[in-house]
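**Q** Numbered per the numbering used here, the sequence shown finishes at 757, counting up by one with no gaps. Glycine residues also receive a C-beta, built at the ideal position from the N, C-alpha and C atoms.
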Amino acid sequence: MVRKSKLRKWFNTLKHLVIDVLIIGFVLGLILAGVFAIWVSTLEIPDLSAFEQRRILQSTKIYDRTGEVLLYDLHQDVRRTIIPFEDISHHIKNATLAIEDDQFYNHRGISIRGIIRAAVTNLGRGDLLGGQGGSTITQQVIKNSILDPEKRLTRKVTEIILAIKLERVLTKDEILSYYLNESPYGGTIYGVEEASQAFFGKSASDVNMVEAAYLAALPQAPTFLSPYGTNRDALEIRKNRVLQRMLENEFISQEEYDEAMAIEIEFQPQLISSIRAPHFVMYITEQLVEQFGEDALAERGYRIITTLDWELQKEAERIMLEKAESNMERFNASNAGLVATDPQSGDILVMVGSRDYFDEEIDGNFNVALAKRQPGSSIKPFIYASAFSKGYRPETIVYDVRTQFSVNCEPWQHTSEPPCYSPNNYNFQFVGPINLRNALAQSLNIPAVKTLYLTGIKDSIKLSSDMGITTLNDPDRLGLTLVLGGGEVKLLEHTGAYGVFANEGVRSHLRSVLRIEDNSGNIIEETEIKQERVMEKDVAALISDVLSDNNARAPLWGYNSLVNFQNRDVAAKSGSTNNSRDAWIMGYTPNLSVGVWVGNNDNEPMNGLSGLIATPIWREFMDIALETVEPRSFPKPPPLDPNLKPILRGEIFDPEYILQRIQTEGSSLSMLESTVASVHSILHFVDRKNPLGSYPQNPQNDPQYRNWEYAVQQWKEETYGEILRTLKETQDTDNENDDDTEEI
14 MVRKSKLRKW FNTLKHLVID VLIIGFVLGL ILAGVFAIWV STLEIPDLSA FEQRRILQST
74 KIYDRTGEVL LYDLHQDVRR TIIPFEDISH HIKNATLAIE DDQFYNHRGI SIRGIIRAAV
134 TNLGRGDLLG GQGGSTITQQ VIKNSILDPE KRLTRKVTEI ILAIKLERVL TKDEILSYYL
194 NESPYGGTIY GVEEASQAFF GKSASDVNMV EAAYLAALPQ APTFLSPYGT NRDALEIRKN
254 RVLQRMLENE FISQEEYDEA MAIEIEFQPQ LISSIRAPHF VMYITEQLVE QFGEDALAER
314 GYRIITTLDW ELQKEAERIM LEKAESNMER FNASNAGLVA TDPQSGDILV MVGSRDYFDE
374 EIDGNFNVAL AKRQPGSSIK PFIYASAFSK GYRPETIVYD VRTQFSVNCE PWQHTSEPPC
434 YSPNNYNFQF VGPINLRNAL AQSLNIPAVK TLYLTGIKDS IKLSSDMGIT TLNDPDRLGL
494 TLVLGGGEVK LLEHTGAYGV FANEGVRSHL RSVLRIEDNS GNIIEETEIK QERVMEKDVA
554 ALISDVLSDN NARAPLWGYN SLVNFQNRDV AAKSGSTNNS RDAWIMGYTP NLSVGVWVGN
614 NDNEPMNGLS GLIATPIWRE FMDIALETVE PRSFPKPPPL DPNLKPILRG EIFDPEYILQ
674 RIQTEGSSLS MLESTVASVH SILHFVDRKN PLGSYPQNPQ NDPQYRNWEY AVQQWKEETY
734 GEILRTLKET QDTDNENDDD TEEI
């Protein structure tokens, strides 16, 4: 009985406690609700009559580096055509509802369920390509038409309240009509009628299901997802998600969905007026949208002062257009790109992404400066720089002899059929022992592959990444083909990375905007120069010394070539792919880096060498650009250390090995035999993990030793074998004569 009494007492106490908590919570809830109601009542809610009065857009304007040349006014040519709701294709309506607000006809302005679902969906995907927005179509109409773009809690509450009020005065069809007629679809295009005409050359009443899916995909991120931009893959993903949502909402059947997924749509050429440096402007616009958002660019009147040098840009565009016709006729090369940067600041001075932005024949609005293309031999300086950083020198000797690099194949198998790899030189000739200076300057492949192996693939990729190349990130796939251009790079990044050599090993991160001003001219943001040392100064000096050595490159280029400048220090490196799909010329002075790519957007092969195709464009631009920068000289490279191993300092024959051979074999062995006996591949003398260390105890343990050594010994036999045999026969004859004389 005592236990039951205590239990009953404990239960009553707990019950009263719970009741008290509920009462307190209820009172606090009433208080909070009252406070919220008072707070809401203080909000300035615009009259719905303002809905018919569109905000006066203060558009963002983009200028060159002087702040005087207007490159583009983002909304000066706004195109908006209002059409009746019944004239809009039902495909557009269904696609828009499916991806934006599939409960539009069931809610009263806001959708709690939609907000929760969007939050969960977008959190899981982590991007904007597949998910729905949290705002209803009604809220988006309010946001686009009345409210300022500030992301504040009060603004969101105002949006919700106005959305509810709007639903009371307009029908659902009227609201959806406003949305479809007012939404941004990229650039100056507003509303589905203008978008349909611009993208597909037809009215919004005539678009098909797939075209409608594209239109529905755009409003959430019209700049990023633009069909004329660099994110077409992202647009495809979003479009496919729209079709998937239409299927899930039973707007289309499975059969219709399957048919739609198989249809390819061709977009109309982009129509833009009053724009300068269009590829650069679109590149800038994507960055600005990512930073500020679409609404801010449309309404805040920003002045964007970029890094572009308009005078140089004009010259580059002129040269590109003039040379393109000749390249097409002579070499079947329909397109080209040019980028110029300032190595000291990282400023992008020039960006020409095609021969003509408005050229429909080549899809000219595609920016090849941002496209991934194989660099050919223009990647070699990065590999040699990695090697120089570990102690190898321009004087270091490797053997340019036919070599099998696959450890899964025999040394004498001169084939590149998998799993073998035995590349050739561009001229199908081999020169034997050669120093790294001449090997790089003459762009020989076999020494380059050996240099990559000596320095290491991962270390070479890391250095390239540190210098600004973001696309070489799969060392296992690339393997030794990396040094022959097996990976892919972007012209913009490639040019910036060459600027590291020009800037003595200091990387200046690419910069495209100098400052941003408000519409009153007040500076609201300035872009600082961001620098970091990624390479030793001496290493950069060695590369610049090699790439500007006219004597070293003469066997490839000749002495009076287009890459030779009489009175200026200019370094240059060409590159082309084996399939003739890409031609490059990269060059720099201490204060200017310029890269040119030539090829076809569709990867169709060209007819000709990179030096003939790309270099004339580069040289003509360089002659003009060099007039705008002060003459400067490259720093002197560090002197050669006389204490380096002989092969590292450029000696083919190793005195230490010659002495050992004479001591072992005796004085009867000729000096020539002893000298020739010291000829080995570099792996015989150098541990690639510690090239400056002592001679390797067991060099044959290196996986490549057998193949390299076989090739070198073959060269030695071909070069000295007959001489040594003749010498030995002469010695034997002399010895026999001596014996005969003694007998007599």
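1. Taking the runs of the alpha helix (DSSP H) that are 4 residues or longer, which of them lie wholly in the stretch 447-502?
2. Can you say whether H693 is buried or exposed, counting buried as having 16 or more other CB atoms within 10 angstroms of its CB?
3. By Cβ distance below 8 Å, which residues in the same chain neighbour L87 in space, the five residues on each side in sequence not counted?
4. Is it true that the stretch 501-509 meets the stretch 349-358, where meeting means three or more beta-carbon pairs spaced less than 8 Å apart?
5. Just to confirm my understanding: we take S478, look at its own chain, exclude 5 residues before and 5 after, and list those with CB closer than 8 Å. What are they?
6. Assign F441 to one of two classes, buried (16 or more other C-beta atoms within 10 Å of its C-beta) or exposed (fewer than that).
7. Exposed or buried, V182, counting other C-beta atoms within 10 Å across all chains shown (16 or more means buried)?
8. For the 8 Å Cβ check, are there 3 or more pairs between the stretch 655-673 and the stretch 633-647?
9. Determine the extent of the beta strand (DSSP E) in which R546 is found, giving its start and end residues.
10. In chain order, which beta strand (DSSP E) runs of at least 3 residues are fully inside the stretch 633-677?
11. Suppose you measure from the CA of S391 to the CA of H103; what does that come to, to the nearest Å?
12. Report the three-state DSSP secondary structure of A111 (helix, strand or coil).
13. Indicate the three-state DSSP secondary structure (helix, strand or coil) for S217 in the structure shown.
14. Is it right to say T151 is buried, meaning 16 or more other beta carbons lie within 10 angstroms of its own, or is it exposed?
15. Go through its chain and collect everything with a Cβ distance to Y241's Cβ below 7 Å, but skip five positions before and after it.
16. Within 10 Å of its beta-carbon, does K543 have 16 or more other beta-carbons around it, so buried, or fewer, so exposed?
17. Measuring alpha carbon to alpha carbon, tell me which residue in A230, L256, V255 and Q257 is nearest Q244.
18. Buried or exposed: where does N711 fall if 16 or more other Cβ atoms within 10 Å of its Cβ makes it buried?
19. Where does Y511 sit, in a helix, a strand or coil, going by DSSP?
20. Taking the continuous alpha helix (DSSP H) assigned at M758, which residues delimit it?
21. Enumerate in chain order the residues of its own chain whose CB-to-CB distance from T743 is below 8 Å, with the five nearest sequence positions on each side excluded.
22. With a CB to CB cut of under 6 Å and the five nearest residues on each side skipped, what residues in its chain are close to A208?
23. Using alpha carbons as the reference points, say which of I482, D472 and K503 lies closest to D489.
24. Say the cut is 6 Å; is the CB of T79 nearer than that to a heavy atom of the ligand SAM?
25. Please classify A275 as buried or exposed, where buried requires at least 16 other C-beta atoms within 10 Å of its C-beta.
26. To the nearest angstrom, how far is the alpha carbon of T416 from that of Q727?
27. Please determine if the stretch 652-667 and the stretch 560-578 are in contact, where contact requires at least 3 C-beta pairs separated by less than 8 Å.
28. With a threshold of 16 other CB atoms inside 10 Å of the CB of F213, please say whether the residue is buried or exposed.
29. In terms of alpha-carbon separation, which member of P436, E633, F264 and L467 lies closest to K336?
30. Taking M684 as part of the alpha helix (DSSP H), name the residues at either end of that continuous run.
31. Measure how close the beta-carbons of L235 and E328 come, nearest whole angstrom, since I'm counting them as under 8 Å.
32. I'd like to know whether the C-beta atoms of K403 and T468 end up nearer to each other than 7 Å.
33. Is the stretch 515-533 touching the stretch 436-456, taking contact as three or more C-beta pairs under 8 Å?
34. Taking just the CA atoms, how far does V420 sit from I626?
35. Expressed to the nearest angstrom, what Euclidean distance is found between the alpha-carbon atoms of N119 and L110?
36. Express the C-alpha separation of V414 and V725 in angstroms, rounding to a whole number.
**A** Short version:
1. 449-454, 458-468, 470-479 and 488-491
2. buried
3. S72, T73, K74, I75, G200, T201, T298, L310 and A311
4. Yes, the stretch 501-509 is in contact with the stretch 349-358.
5. Around S478: L485 and N486.
6. exposed
7. Exposed, by the Cβ-count rule.
8. no
9. Q544 to R546
10. none
11. 53 Å
12. helix
13. It should be noted that the sequence gives Ala, not Ser, for residue 217. A217 falls in the coil class under three-state DSSP.
14. buried
15. Q283 and N378
16. exposed
17. In the sequence as presented, Gln is not what sits at residue 244; that position holds Asn. Measuring from the Cα of N244, the nearest candidate turns out to be A230.
18. With fewer than 16 other Cβ atoms inside 10 Å of its own Cβ, N711 counts as exposed.
19. helix
20. Outside the displayed span of the chain (14 to 757) sits residue 758, for which this structure offers no information.
21. none
22. Result list for A208: Y198, I202 and L228, in chain order.
23. D472
24. Looking for the ligand SAM in the displayed structure turns up nothing, as the structure carries no ligands at all.
25. Classification of A275: exposed, given that the 10 Å Cβ count is below 16.
26. 10 Å
27. no
28. buried
29. E633
30. M684 to A690
31. The sequence as given places Pro at residue 235; Leu does not occur at that position. Distance from P235 to E328 at the Cβ level is roughly 33 Å; contact not present, criterion being Cβ atoms closer than 8 Å.
32. yes
33. Of all C-beta pairs linking the stretch 515-533 to the stretch 436-456, fewer than three are shorter than 8 Å, placing the two stretches out of contact.
34. Computed Cα separation, rounded: 37 Å.
35. 12 Å
36. 7 Å
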